[in-house]
Every structure is written in structure tokens, then in C-alpha cells.
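So the sequences go chain by chain: A and B. Number 503 marks the last residue of the first sequence (numbering that gives the first Met the number 0); no jumps. Number 503 marks the last residue of the second sequence (numbering that gives the first Met the number 0); no jumps. Ideal placement from N, C-alpha and C gives every residue a C-beta, glycine not left out. This report refers to the structure that appears directly beneath it.
Protein chains: 2
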Amino acid sequence: MTGSIRFDSSSTIPIYRQLHRQLRGMIVSGMMPAGQRLPATRELAQDLGVNRATVSSAYALLEEEGLIHGHVGRGSFVSAPPHSTDYKRLPVMGEVAEGGARAGSPLALPPSGRAAVVAQSASEISFATSRPLAGLFPIEEFRDCCHEVLGDEVAHTVLQLGSPLGYAPLRQYLMEDAAENGIGRANDDILVTNGCQQAIDLLARAMLRAGDTVVVEEPIYPGLKAALLQAGARLVGVPVGEFGVDAADFARALERDSPRFALLTPNFQNPTGATIPLEARHALLATARAHGVLLVENDLYGELRYRGEALPTLKALDDSGETVLLGSFSKVAFPGLRVGWMIAPQPLVRRLAEIKQATDLHTDQLSQAVLLRFAESGRLARHLARARQAGLAQLEAALDGCLRELPDGSSFTQPDGGLNLWVRLPAPLDADVLLSRAQMRGVSYLAARYFAVGRPDAQAFRLSFGGLTPDEIRRGLRVLGQVFHEELERTSLTGAAAMVTALV
Amino acid sequence: MTGSIRFDSSSTIPIYRQLHRQLRGMIVSGMMPAGQRLPATRELAQDLGVNRATVSSAYALLEEEGLIHGHVGRGSFVSAPPHSTDYKRLPVMGEVAEGGARAGSPLALPPSGRAAVVAQSASEISFATSRPLAGLFPIEEFRDCCHEVLGDEVAHTVLQLGSPLGYAPLRQYLMEDAAENGIGRANDDILVTNGCQQAIDLLARAMLRAGDTVVVEEPIYPGLKAALLQAGARLVGVPVGEFGVDAADFARALERDSPRFALLTPNFQNPTGATIPLEARHALLATARAHGVLLVENDLYGELRYRGEALPTLKALDDSGETVLLGSFSKVAFPGLRVGWMIAPQPLVRRLAEIKQATDLHTDQLSQAVLLRFAESGRLARHLARARQAGLAQLEAALDGCLRELPDGSSFTQPDGGLNLWVRLPAPLDADVLLSRAQMRGVSYLAARYFAVGRPDAQAFRLSFGGLTPDEIRRGLRVLGQVFHEELERTSLTGAAAMVTALV
């Protein structure tokens, strides 16, 4: 069966993807029927004369597509074809929300079943994932960092057990970096976390009891919502406009709901891309202080400013020193490495470190050490400069495409950085309903309901441009424009027809 | 001040340790007084012509010792000397329980204050940490693995966002490996976790409500205890003897306490080193099934068998397929990399993956990919062979040393693998009290109270030999033997004197 597999070594398509395509062909064509057992990766790797990781990666792709499934203890098998009703799943599939959180229910896992592959192969341009462009990853430089760290005299320390607070040299670096940026206060300390997601989870575990209120942005990134809901929080959403959360709205929410804390993303908020202006930052801080409410500032995207002047963080503006600042390498460097941090008053950091220790001992030290090397050697700054340049081109392609392609009556945010913008279609267009039609033509996005705290805005959706090239962004928006325009024509015709009928 | 720093490039002592020693000297001697600000790492690195990581590492060591402290936003400062009462902390310091959990309260963080450094420099031989010998780490081979992974066509996938279930090629590998070892069942699936610690935390979060009972081993590894208590569990301990948990005791506990699940470590249990024989494994399984209680099997140490025949895991013996098996690379390879896994029925794995996603999205992918490469390239097997050979020599040195040096009336477990054994001293010796005396002579261990579920056995302690060379083990045990013998003499003299007094 697999004897017919051939690789084209002159192709730019990686071998594992060539293998994946050929196996997919065999399955979809029925050459490999449902229930058939695939050879073990070791076996097939030997037969084909390739690396075992190559075969594993091809199998992994097939499994993600729902074409095969693994049984521990038995091996991998070709899956049964899906029922046609599985097509209902289309809007959800292939769409990894920020940080890998699959869409659907904020906690939903990727669906399996063959429906997935249909949509995935169709969905060539995905505006659904808030992530950086993988093509920009400086793999060579990253490899050099690994080499330097593991050639260094501290290699044994890195590979041995670590501290729940984080790898000390990384903490030292972050501390000095914060000082240079005027961020830290005398009583502050740093906790390294597995990305911002874990920082929120630890805060929720430390501070919330079931039923406690947290004030958040509406719409909100689903991962934040999931972590807070998991801790039993009651979420109160404050609307995010073009300029982020409005200070008066915020004050009313604190007044009315006495939250345990408030979570804000002042720079290029996910999903809207909105940024809070300086004056509003001062006002939000004053409001929080007046109500004695702790501010948690998620600054995941702050470094990704492509134009305009950087604004100081809430943490930098807060003389009381009480604001908690969350940062991460995941959006500015490599999302697959789970290294973020929190700068907060020392007693809180100590308390969270205790919880973290019982949770997973400490954050992976290899990634901490390699990212430190990446940062302190100046490579991160160089990478950021390139990423910002590329980001500006992406952003401009997205804004220009929206302006050209979206139907009259649409509105969209106009951020100066980040990975996302927020689109609102004119009535009667429903972004959720239209997604399946867009996907049939190979383009996807995430509808507002994934980000809603209260009632979702059916006309809105998130357009994540960070993972696409300017050309892909333009092509994708052209398709979306067509889909939306066609629907407007269809509904106006139907509307007219309905009206005619009514008149009769 | 730092102008007097000189490095000996011909020395085998790494530069960061040379720097650390010289700075320590300046602080301890008062040359750098309390409150003095240390130069920023970048500055000092430039002055000394060394790597910035070298300076950070030296500062990190000073901070761990409590000699300096960092203020975010201001820099690092020399700490005030401790009060003499800090010496009470001696038994706790420098002692990292398994997986980096500091001793004291199971959740206690490392104490700061200058007491630490006194004990640390004194405690040259630490039996306090259950960890592998860092000198055995095959750094070169590990570096090659990083290089291969990052040179591979899948590098972009590794650095991009991943799945909460784990890196698919690693899951595939673990699945095939489990199949070869007769472990998986048709309905099983695999979840990659941040070490075993996170597996327990996720299980606790998914399955426990406050007040629910969990049956565990007595004594137990503090990290397990901490994770379960954090979820509000009520712990019931079943005593661990030379042959692990007794089946009849276990049956009584299940009968009486109707636990949500039972957590067992059949191979080389931490802290005792005890292994459950084959027949008892069958009996424990039958008991669990009869009571409808889920078994969670912690097999962290199973691969570290230095002599005798390997025994099948409970998971392999369980035809019902319901047992949950926890494995990890951390004890057999590199503890600083947080990669473990769980093999369990698919519905449970899916549920835990949802919780994991809201907790920290997914486990670090660089470490997953590098460890996969380490395993599938055959390097892990070669490393394990070397580690087992070294482990046998360590184990024999520990058993032989106990036999020679411990006072009459002592008893100790005689494991065939793992990193720990359990010692019980004759009355009236108190292991906790004697620790401070042992530490004054440069040797430390962890007293039974850190591992107690119920009332601790004051005469017992854990002797972790895995991180020491055979020579260190022998020297350390000689010192312990002296301390214990001296105390016995002292108490018998005091006893005699007391008796004389009483007779008068």
C-alpha cells in the first residue's frame, strides 16, 4: 500500500507534508479503507528511508484532520467517513483561537471526524487565529541560542530542577528590563509563568471564590474567559470601543459590581485591536484606586506597535505599585514556548508561586534559558524590529482591504499594532451564518460569539491578520467582500420579493 | 569594589561560581555592606569581559542564599545580616524536595535571609533532594537533539501554537511505546502534562470537590500532598512497608472511606523506595475494582530499576482499562524540562485537556520535541543504561553505608532502584532534631514530617542518594553515623545521670 509513496526531493514542500498529502489521497480515495491499520511510524520510516519524526508529523496532521485515529496499545487506524451532518461543524474547525484555544465553547477541543479535513483543505486563508507569522521565526538564531545555552557552564543548572518563581537569571533580566522601562516598584517581584494564560489561572485560583465578580472587557479573548469561569467567577463585561474601555463605563461597573479585580488589555486588545489613550489610562487607574479594586493589566501585545508613539503601561503610571502586569514572549517571539511573567507586589507573587509549585513545580527551564539568551543577546530586539516592519505591512493590507472590500455600512477598528482587528457588518448580515459560506471559498474568521461575555453581536467578527502575508490578507478580504456583497444582494432581493408578496 | 574580581581560567570551577564566591566573600566580610547596590548585570558583565548570563547566574546564587535581594525597578542590593534566631531555620534550608518542592510546609518557598547561606555552605552533602545526578546529563547529546529538531522541517510547527493534548508526534511515539509494553487499552488516550505534578493537579481539579477523600500512601511525596490538599481533598494514608502498600490495609481504607480515587506508586516509591510485589499488585487491582475506585498509578521511577526483574505496571495488569498511568521524562532524563504524560481512558483525557487548555494552553513544545528526538533516536535508551549502571553503584553505596554506619536498632528499606530509601533510627533518636546537628557537619536529609499524611514518625527520614556520587554517599553516611552514635551516647549518659539523680 505504502509502497507507492514517492518523494520529490526538488520540491519546496517539506517531506512530511508530501507524505501527508499522499496518505490523505489514499484515504480520501478509498485506497486505504476505514478501519485499516497504518504501519507503525518506526516501520514506515525505515521502509521509506526517512526520519521517524517525519512520519509522526504526517500522521499527526492526518489525525488532526480526523482522517485517522490512534488507539493506545493498538496503533493508528483509518477513520470512518463523517456523516453529512458533520458539516454543521464547519464554522468551528481549523480555527485555533489565540494561544491554541480552539473555538466553539471556549473550552472545546478540536472536533475529530472527517468534516475537519474538508474545511481545513478548503480554508486556505485563515483570519481565525491570533498568532504571529511563522515564516518570520528566526529559526537559525533560535538554534544558535539553544547551542549557546547548552554549551554554557550553566547547562547543568538549566536541566536540573528549578524554582517555582522562575529561572533566576531570566527573572534578573526581566527585573532590570522593567526598571529601564520605569515599570517596577520597590515592593514588586517577578513570577515566571507558562504564558499569560497560567498567570490568569493562578490569579483566579488565589483570589476568587465561586460567585466572585471580575470586571473584564467585552468582547474578551476566550482563553481569559475560560480561566476565570473555571474558577467560578461571575464576569461583568465593560464594552470596548475604538479607544478601548471607557472610563465612565468602567467606573459604573466597579461601583455596581464590587469586583475582586478588573482585567484590562490597554494595548491592541484581543479581539478588537483597540488601544486605550493616555488620559483614559490615568482615569481608569484613578477609578480603580478610588474603589480599591486591583487592576490586572494584560500587556501581551504592547511590543507589537507598528506605528505611532508607545504609551506607558498602567503599571508604569500607577504610583501605588499595586497594579499587576502580565507579559509574555509568546506573541513577540515563539508561541510554542510557554514563557510569560507577572510583575506584582511581592506578597502576591509569593502566594502565587506557592500555588504554582503545587500545580506544576516550575516553568520549563530550557525555554526560559533559551528565551533569555535570545533577549539578552540582542536577537529579540532585532527580531522585533523585523516583526514590526512586517506587521506594519500586514496591518496596512488589512485596513486597506477592509476599506476596499467590505460593504457600505461596515465599520472596523483601526489599530496601530497587534494581530487583530474587529469588523462589524451592516444589518442584516450575520457574521456567524456567513462564515460557513466564506469557508466554502477557503476563508475563515471567528464570529463575535466566541468573544462575548453577555449577548454576542451577531454582526461582528474578529479578523486576525498576524499569521498571514499581506498578499493573503488582500486575497482573503476580497473573498470575504464577495461573500458579504452577494448576501446583501440576496437579502435585498428576498426582501423585495417578500415585500411584493406582502403587497399582493 | 568589583575591580578586585579575578578569574582563574585554568580552574575547573565555572566562571559564574568563581564570581559568586568572590562576591559572597565581599558581602560576608562586610566589604560590601548591607544596603549597597550591586552593579547591573549588563554593566558588570562588560567590566569583567564575561557573558551577561554568567553575572546573572552568580547574582541568582547570591539571591538564593539570601545575601542579596532584588527590587524590580531599582536593582539588586546587599541584604541585612540575619538575626541569630534564623538558625532555627537550618533544618529546612537548601533542601529541595522532589521536583523542587521546598521542604517545610509542603508549599513553603525557600527561606530568604542570611541563615540560608551559612547552612548551604556547610551542607556539602545533601541527601535531601530526590533527583538524578547532574553529572550524568548527556549535555552534548541533548544539544545535538535541539540542533536536529530545529534543523528539521517541523521546526516552525514546534515554535508555533500547539494542542492542549500535547505535541502530536510525541503522543504518537508514547502511544506506540505503550503498545510495545502492553500498557494501553483500546479506549485509552494520551495527554502530555507539565510533569507528573500537573497530571495530579488536573486530576484533582477534574475529580475532586472540597471534602472528597483520596487514598494515598503514608508517607507520601509532598508535591502530591500539596496538589491534592489545594483541591480541598481529605487524605487517607495507607502505610507503606518494605513491600509498599499492603493489600488488606488498602481494602480496609477503600471500604471505610469510599475515596474518589486512590493514588499508588508501585515502583520505588518516593520517599520510601518500596516496590509492590506482583501478587500484591493483582490484589490491589482486584480490590479497587471490587470497590469501584479509580486507581491512579504514579510510575515516575519505574525505568530506574538497577537490579532484579521489572514488574508489570498496574495499568498493564488492568484488563478493565480504567487505571490511569502517569509517566515522565523528568526523573529519567532532565528534571528542568517539564514533560510528563498520562495514559487514561479517552473521555477522562479529553476532560483534562479542556481544563489544561484553560490553565496554560499546552505544554512547552520545544521540550516536547527535543525529548521526543532524544527518545526516538535511541539516545534516551543509552542514557538510561548509563544511569542504571551509575544508579546501582549509588544504591550499593547507600545500602552498604547504612549497614556500616547506622546505629544498632536502625532499619532501612532495601530498594532495587529509584533515588531514595527510608531510614528509621532506634529510640530515642529524633531524626528531625538531629538534622540540625548533621547540617553543622555538612550533611542534610529530609525528616519524616515532610512526608506525613497523619502523625509523622519522628525516628524516620528520607535518604535521597540519586544526586550524589558513591563516594559522597559513603562520606555522608559516615558523618550521619557519627552524629547518631554521639547522640545515643549522650542520651544514655544523660539517662544514667538522670537515673542516678532519681535514686538519690
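Nearest candidate by alpha-carbon position, reference residue i, set the options
i, options, result
"residue 359 of chain A", "A/79, A/140, A/35 and A/197", "A/197"
"residue 203 of chain B", "B/453, B/295, B/39 and B/437", "B/295"
"residue 205 of chain B", "B/354, B/457 and B/448", "B/354"
"residue 334 of chain B", "B/357, B/366 and B/325", "B/366"
"residue 381 of chain A", "A/33, A/37, A/55 and A/137", "A/137"
"residue 40 of chain A", "A/124, A/76 and A/28", "A/76"
"residue 320 of chain A", "A/285, A/431, A/424 and A/470", "A/285"
"residue 464 of chain A", "A/126, A/59 and A/33", "A/126"
"residue 405 of chain B", "B/201, B/425 and B/217", "B/425"
"residue 362 of chain A", "A/185, A/345 and A/341", "A/341"
"residue 281 of chain A", "A/314, A/251 and A/253", "A/314"
"residue 250 of chain A", "A/309, A/56, A/447 and A/288", "A/288"
"residue 441 of chain B", "B/475, B/48, B/398 and B/254", "B/475"
Spatial distance of residue i from residue j (CA atoms)
i, j, result
"residue 9 of chain A", "residue 482 of chain A", "38 Å"
"residue 427 of chain B", "residue 489 of chain B", "11 Å"
"residue 271 of chain A", "residue 26 of chain B", "52 Å"
"residue 109 of chain A", "residue 163 of chain A", "Any reading at residue 109 of chain A needs caution, since the residue's pLDDT is 39, under 50, leaving its predicted position unreliable; the model's value is listed next. Those two C-alpha atoms are separated by around 31 Å."
"residue 528 of chain A", "residue 178 of chain A", "The first residue shown for chain A is 0 and the last is 503, placing residue 528 of chain A beyond what the model contains."
"residue 274 of chain B", "residue 215 of chain B", "15 Å"
"residue 150 of chain B", "residue 194 of chain B", "26 Å"
"residue 456 of chain A", "residue 259 of chain A", "27 Å"
"residue 244 of chain A", "residue 290 of chain A", "17 Å"
"residue 487 of chain A", "residue 129 of chain A", "28 Å"
"residue 431 of chain A", "residue 156 of chain A", "50 Å"
"residue 377 of chain B", "residue 329 of chain B", "17 Å"
"residue 246 of chain A", "residue 298 of chain A", "19 Å"
"residue 395 of chain B", "residue 228 of chain B", "36 Å"
"residue 407 of chain A", "residue 492 of chain A", "17 Å"
"residue 327 of chain A", "residue 338 of chain A", "6 Å"
"residue 325 of chain B", "residue 446 of chain B", "26 Å"
"residue 453 of chain A", "residue 54 of chain A", "45 Å"
"residue 268 of chain B", "residue 62 of chain A", "36 Å"
"residue 364 of chain B", "residue 336 of chain A", "6 Å"
"residue 471 of chain A", "residue 419 of chain A", "15 Å"
Neighbourhood of residue i by C-beta, 6 Å cutoff - its chain only, sequence neighbours within 5 removed
i, result
"residue 105 of chain B", "At residue 105 of chain B, the pLDDT of 33 sits below 50, so the modelled position is not reliable; the number obtained from the coordinates is stated separately. These residues qualify, in order along the chain: 221, 224 and 225."
"residue 373 of chain B", "144 and 379"
"residue 209 of chain B", "231"
"residue 301 of chain B", "266"
"residue 261 of chain A", "214, 292 and 294"
Per DSSP, cross-strand counterpart(s) of residue i
i, result
"residue 76 of chain A", "A/36 and A/68"
"residue 126 of chain B", "None, per the DSSP bridge assignment."
"residue 216 of chain B", "B/237"
"residue 410 of chain A", "A/423"
"residue 283 of chain A", "None, per the DSSP bridge assignment."
"residue 341 of chain A", "A/190 and A/325"
Coil, strand or helix - residue i by DSSP
i, result
"residue 1 of chain A", "helix"
"residue 366 of chain B", "helix"
"residue 134 of chain B", "helix"
"residue 90 of chain A", "Caution applies to residue 90 of chain A, whose pLDDT of 26 falls short of 50 and renders its modelled position unreliable; the model cannot decide the point."
"residue 463 of chain B", "strand"
"residue 371 of chain A", "helix"
"residue 192 of chain A", "strand"
"residue 351 of chain A", "helix"
"residue 416 of chain A", "strand"
"residue 55 of chain B", "helix"
"residue 491 of chain B", "helix"
Own chain residues within Cβ distance below 7 Å of residue i, not counting five before or after
i, result
"residue 6 of chain B", "14 and 17"
"residue 421 of chain B", "270, 271, 272, 411, 412, 459 and 461"
"residue 1 of chain B", "38, 43 and 46"
"residue 433 of chain A", "482, 483 and 486"
"residue 256 of chain B", "212, 214 and 235"
Spatial neighbours of residue i in its chain, beta-carbon cut-off 8 Å, leaving aside the 5 residues before and after
i, result
"residue 368 of chain A", "148, 153, 157, 166, 168 and 169"
Minimum Cβ-Cβ distance from residue i to chain E less than 8 Å
i, result
"residue 269 of chain A", "Note that chain E does not occur in the displayed structure, where the protein chains are A and B."
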